[in-house]
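Here is the structure we will look at, set down as structure tokens.
Protein chains: 2
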Amino acid sequence: MKNTIEVCFTPHAFPLLPHEDRLVVVIDVLRATSCMCTALHHGIDKILPVASIAEARDFQSKGFLVAAERSAQKVDGFDLGNSPFEYMKPELKGKVVVFTTTNGTQAIRVARNAYKIAIGSFLNLSLLSDWLSKQNRDIILLCAGWKDFFNLEDTLCAGAIATKLDATDKFETIHDSTLAAKYLYEKAEGDLYKFMENSSHFNRLSKLNLYEDMKYCLTPDTAPVVPVMEGNYLVHNGHK
Amino acid sequence: MKNTIEVCFTPHAFPLLPHEDRLVVVIDVLRATSCMCTALHHGIDKILPVASIAEARDFQSKGFLVAAERSAQKVDGFDLGNSPFEYMKPELKGKVVVFTTTNGTQAIRVARNAYKIAIGSFLNLSLLSDWLSKQNRDIILLCAGWKDFFNLEDTLCAGAIATKLDATDKFETIHDSTLAAKYLYEKAEGDLYKFMENSSHFNRLSKLNLYEDMKYCLTPDTAPVVPVMEGNYLVHNGHK
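Listed in order, the protein sequences are those of chains A and B.
Residues in the first sequence are numbered consecutively from 266, following this note's numbering.
Residues in the second sequence are numbered consecutively from 266, following this note's numbering.
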């Protein structure tokens, strides 16, 4: 029997889907899950995602290294922001980073009762898809979106993963959201960056001159890791 | 200043959008809003949308003509179902029809606090778009979806309307959902029926042999009316 693969466009819609027995992939391409993949790929030991700034401050006061972003900008007083390039620094190797962002960490929280949570982005597209195809589980690709609204980049990434899983012939789909994500990816695939130029978050990040971040985050397979939640921590699952 | 045009994929997401001052177009292509356009175009006087079967029964006991559909089928004991061809009958001219469906009438209920509610489908695409472009209002295209999930056909219709309004240069868009709907319509436009073949509701209706209903509902401009809510009733707004 085939497993199901479904795309959920927003954390707001997620509770409508049965998910306790499913593997949920959280996707926040610009930029939380791209940062997470980059961090674990570049040797950061563990990430502790927290939903609120208050929790983040609490961990900082206990001596943790803390990354905090809201509305695309680093929150004043914290150690790191939400640019993937910050997570490549050699001095971060082996460290634990506490992490809170506008959408990505909220999506992880919404999915906390799922069978398992993994992290997806374009940066780990092929390795993640390969790993997912071997799990014998129903899968939900959960787009973090933007403040509970649909966004284009997470949907394109979900479409890319769904397309790869479809090709294995091990999965089937019920919801039209999955079909739409694949159609959109098919349309965008030739030039993701150009396709993204009219999107809301591209405009938001352009105003902050974050073009290099966006280019990096839209480049497939540059951080081949499979981050999974174990207890409260996001860790490298060892799959290469 | 330009007005905004936004696509909302599901009634579930609708409360997230400010809407009290906006004109909301409810779209349920297969088949509620296609039936509504057909009915008013063929001379039915008024439609009274109700959300529950219980309300529908209550009206029937008072002598009203009642249409009721759930899960794509006519509910036993009612006068009419959800096939647009039923609403072309000459004996229905001048009548009032009470109407309840799985998704369409629920979407109307969700939008009840909007400035105004109009009804959209492929059947009134050009006339509706022309009328909308002259209202000087922010517009939300509300897809009825399927039991609070995203569906393809309503999104394609919303994409078609948004594309036509874009061409007037009077509107702007913030949300990526609007962009995605336009991209999907662009991809589907050449052959809507073929594009729909993999969708969930196409499969649901195919099992009931409703191919003719689907072909009709995907044919633009065959019922050129602009149905609007006035009080509790849906009426022809007189625009031709």
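From the three backbone atoms N, C-alpha and C, an ideal C-beta is built for every residue, glycine too.
Nothing here was measured: the structure is a model prediction, and the numbers come from that model.
Rounded to the nearest angstrom, how far is the Cβ of residue i from that of residue j, given a contact under 8 Å?
i, j, result
"I270(A)", "T443(A)", "6 Å"
"I382(A)", "Y498(A)", "Not really, about 11 Å apart at Cβ, beyond 8 Å."
"K452(B)", "K447(A)", "Not really, about 11 Å apart at Cβ, beyond 8 Å."
"L406(A)", "V272(A)", "5 Å"
"V500(A)", "L393(A)", "Contact doesn't hold; Cβ gap of about 15 Å is too wide."
"R374(B)", "A316(B)", "5 Å"
"A278(A)", "A278(B)", "7 Å"
"E285(B)", "Y380(B)", "7 Å"
"F343(A)", "A321(A)", "7 Å"
"L483(B)", "L457(B)", "5 Å"
"P485(B)", "L390(B)", "5 Å"
"N347(B)", "A304(B)", "Their Cβ separation, rounded to whole angstroms, is 11 Å, which puts N347(B) and A304(B) out of contact at 8 Å."
Give the secondary structure of residue i by DSSP, where H, G and I count as helix, E and B as strand, and everything else as coil.
i, result
"H306(B)", "helix"
"M266(B)", "coil"
"E285(B)", "coil"
"G346(A)", "coil"
"Y380(A)", "coil"
"P314(A)", "strand"
"G496(B)", "coil"
"I439(B)", "coil"
"L550(A)", "Nothing in the structure corresponds to residue 550(A), since chain A is present only between 266 and 505."
"K447(A)", "helix"
"K339(B)", "strand"
"D419(B)", "helix"
"K399(B)", "coil"
"K358(A)", "coil"
"S299(A)", "helix"
"K452(A)", "helix"
"N468(A)", "helix"
"T370(A)", "helix"
"T428(B)", "helix"
"D434(A)", "coil"
"A278(A)", "coil"
Got a sec? Which residues, its chain only, sit under 6 Å from residue i by beta carbon, not counting five neighbours each side?
i, result
"L388(A)", "S299, C302, T487, A488"
"A332(B)", "L345, V362, F364"
"G424(B)", "A446, K447, L449, Y450"
"M494(B)", "I382"
"F350(A)", "none"
"S386(B)", "V294, T298, S299, C302"
"R335(B)", "T367"
"G455(A)", "none"
Within its chain, find whatever has a CB closer than 7 Å to the CB of residue i; leave out the 5 residues flanking it on each side and keep chain order.
i, result
"E418(B)", "V294, L295, M461, S464, H466"
"T275(A)", "C408, G410, D413, F414, F415"
"A337(B)", "R469, L470, L473"
"Q400(A)", "L288"
"K435(A)", "K267, N268, S398"
"A372(B)", "P276, V291, D293, L407, A409"
"K480(B)", "Y458"
Looking only at its own chain, which residues have a Cβ that is under 8 Å from the Cβ of residue i, when we skip the five neighbours before and after it?
i, result
"K412(B)", "T367, N368"
"L282(A)", "E271, C273, I405"
"G359(B)", "G308, I309, D310"
"S326(B)", "none"
"T433(B)", "S398"
"T428(A)", "K447, Y450, E451"
Residues bridged to residue i by DSSP?
i, result
"T365(B)", "A333(B)"
"Y458(A)", "DSSP lists no partner for Y458(A)."
"Y506(A)", "Absent from the structure is residue 506(A), since the part of chain A shown begins at 266 and ends at 505."
"G385(A)", "I292(A)"
"C408(B)", "I292(B)"
"C273(A)", "L407(A)"
"F414(A)", "W411(A)"
"H501(B)", "P492(B)"
Name, please, each residue of chain B whose Cβ falls closer than 9 Å to the Cβ of residue i.
i, result
"K452(A)", "Y448, L449, E451, K452"
"F436(A)", "The contacting residues do not exist; F436(A) stays about 14 Å from chain B at best."
"F350(A)", "Simply none; closest approach about 25 Å."
Closer than 8 Å by beta-carbon distance: list the chain A residues that pair up with residue i, in chain order.
i, result
"L445(B)", "Rather than Leu, the amino acid found at residue 445(B) in this sequence is Ala. Correct list: F415, L417, T420, A445, L449."
"L281(B)", "H277, D413, F414"
"F324(B)", "Residues of chain A passing the Cβ test: none, with the nearest at roughly 30 Å."
"F343(B)", "The premise fails here: F343(B) is roughly 28 Å from chain A at the closest Cβ pair, so nothing lies under 8 Å."
So with CB distances below 7 Å, who are the chain B contacts of residue i?
i, result
"S465(A)", "I439, H440, D441"
"F364(A)", "The contacting residues do not exist; F364(A) stays about 24 Å from chain B at best."
Name the chain A residues whose beta carbon is nearer than 7 Å to that of residue i?
i, result
"F387(B)", "Result: empty, since nearest Cβ-Cβ is about 17 Å, beyond 7 Å."
List, in chain order, every chain B residue whose beta-carbon is nearer than 8 Å to that of residue i.
i, result
"F329(A)", "Going along chain B, no residue has its Cβ under 8 Å from F329(A), so there is no contact; the nearest lies around 33 Å."
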